[in-house]
């Protein structure tokens, strides 16, 4: 239990920070941070391919038994942030898409002044 | 057209419509006996709903794709806003659950008490009889909405509402799916306008039950609200 404490604290803090940051920040800075993160991730991936025990040493430093476990934890965090980012991005996309569709619908709709006397059809000719 | 004392020419019924081909024409025809102005927002129905509504005399705005009921309501609001003589908007369901007589009572209350918004409530009298499970869910939903929006309502997820022009012009519903009811209450709560509630009778017919939103939807609503 004691040996795992550091990683537990670190992971919980990271999860909270990732969620909090992704909820607030949009725009250039957030994008830049995401891209830098990706570069760091890529470099680290290359390093860990060349020196596989790098994970194990890192794991021991933060109190995890095996490097593989640390990789798993990192993956969980990365997946969580991916999920949240994707959800927010899709929602923004949906908002724009809705505005576009609404504008089309309203443009094509019959105006109240077009009403026939018998209250019949209001369809626009196709 | 109308024979009752106050004119209904300045009232616009906004009816979100999605695949209600069998009932929409009757609903529109019945409503138009009292309220000549009905705008039906067809939310990308795949059946003949939109044509049925149009032949019954409604103005039909057609979403090119399905966007959700919240989006349909907002489209209806924007359509009604473009009519200069509009004073009141009434949100009205397409499936025949709502009564025109309830709308008249709500309008009368709004005018008499100088209210900007009147929400319909199923729980102010005992005419409406939802199933016990549905009742519990609706109570929880309204509790959640009251806590998060700072309003005091007895039934926040009722589709029947009377909204003044002033308020309609400031509404901007962005929750396309089911969470729009809470969003609407939240936005009205923030406006600090006078609002009230009026008892309505929801007809839980076999038809509406077969189409009604499942209780699982309350989970979806909660998630949509948390991540807005």
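Protein chains in written order, with the numbering used here: chain A, -8 to 117; chain B, -15 to 212. Yeah, the Cβ is synthetic: ideal placement off N, Cα and C, and Gly gets one too.
When burial is assigned at 16 or more other CB atoms within 10 Å of the CB, is residue i buried or exposed?
| i | result |
| --- | --- |
| residue 30 of chain B | exposed |
| residue 21 of chain B | buried |
| residue -8 of chain A | Because the pLDDT of residue -8 of chain A is 48, which lies under 50, any placement of that residue in the model is unreliable, and the number read from its coordinates should be weighed accordingly. Classification for residue -8 of chain A: exposed. |
| residue 91 of chain A | exposed |
| residue 22 of chain A | exposed |
| residue 62 of chain B | buried |
| residue 76 of chain B | buried |
| residue 85 of chain B | exposed |
| residue 106 of chain B | buried |
| residue -13 of chain B | Model confidence at residue -13 of chain B stands at a pLDDT of 47, short of 50, so the residue's coordinates are unreliable and nothing is read from them. |
| residue 89 of chain A | buried |
| residue 96 of chain B | exposed |
| residue -8 of chain B | buried |
| residue 19 of chain B | buried |
Can you tell me which of the three DSSP states residue i falls into?
| i | result |
| --- | --- |
| residue 75 of chain B | strand |
| residue -14 of chain B | With a pLDDT of 44 at residue -14 of chain B, under the threshold of 50, the modelled position of that residue is not reliable, and no figure is offered here. |
| residue -9 of chain B | coil |
| residue 157 of chain B | coil |
| residue 64 of chain A | helix |
| residue -3 of chain B | strand |
| residue 23 of chain B | strand |
| residue 9 of chain A | helix |
| residue 44 of chain B | strand |
| residue 50 of chain B | coil |
| residue 205 of chain B | helix |
| residue 247 of chain B | Residue 247 of chain B lies beyond the residue range present for chain B, which begins at -15 and ends at 212; the question has no answer from this structure. |
| residue -1 of chain A | helix |
| residue 140 of chain B | coil |
| residue 103 of chain A | helix |
| residue 69 of chain A | helix |
| residue 3 of chain B | coil |
| residue 46 of chain A | helix |
| residue 86 of chain B | helix |
| residue 26 of chain A | helix |
| residue 163 of chain B | coil |
In this structure, what does DSSP give as the bridge partners for residue i?
| i | result |
| --- | --- |
| residue 104 of chain B | B:182 |
| residue 148 of chain B | B:72 |
Measuring CA to CA, which of the options is closest to residue i?
| i | options | result |
| --- | --- | --- |
| residue 71 of chain A | A:8, A:33, A:31, A:53 | A:8 |
| residue 139 of chain B | B:45, B:99, B:114 | B:114 |
| residue 137 of chain B | B:10, B:4, B:108 | B:108 |
| residue 100 of chain B | B:150, B:106, B:132 | B:150 |
| residue 87 of chain B | B:104, B:33, B:78 | B:104 |
| residue 144 of chain B | B:161, B:119, B:43, B:89 | B:89 |
| residue 168 of chain B | B:32, B:9, B:57, B:40 | B:57 |
| residue 122 of chain B | B:205, B:55, B:38, B:-8 | B:205 |
| residue -4 of chain A | A:73, A:6, A:55, A:78 | A:55 |
| residue 78 of chain B | B:-8, B:25, B:18 | B:25 |
| residue 69 of chain B | B:147, B:-4, B:179 | B:-4 |
Could one say the Cβ of residue i lies closer than 8 Å to chain E's Cβ atoms, at least one of them?
| i | result |
| --- | --- |
| residue 67 of chain B | Within the model displayed, chain E is absent; protein chains A and B are what it includes. |
Along the stretch 26 to 51 of chain B, where does the CB come closer than 7 Å to a CB of chain A? Name the residues. 38, 39, 41, 43, 44, 45, 46, 47, 48, 49, 51
Taking beta-carbon pairs under 9 Å, can you tell me which members of the stretch 158 to 169 of chain B lie near chain A? 158, 160
Which of the residues in the stretch 68 to 100 of chain B, read from start to end, lie with their CB under 7 Å from any CB of chain A? none
Scan the stretch 75 to 89 of chain A for residues whose Cβ lies nearer than 7 Å to a Cβ of chain B and list them as they occur along the chain. Taking 7 Å as the Cβ-Cβ cut-off against chain B, the residues of the stretch 75 to 89 of chain A that qualify are 78, 85, 86, 89.
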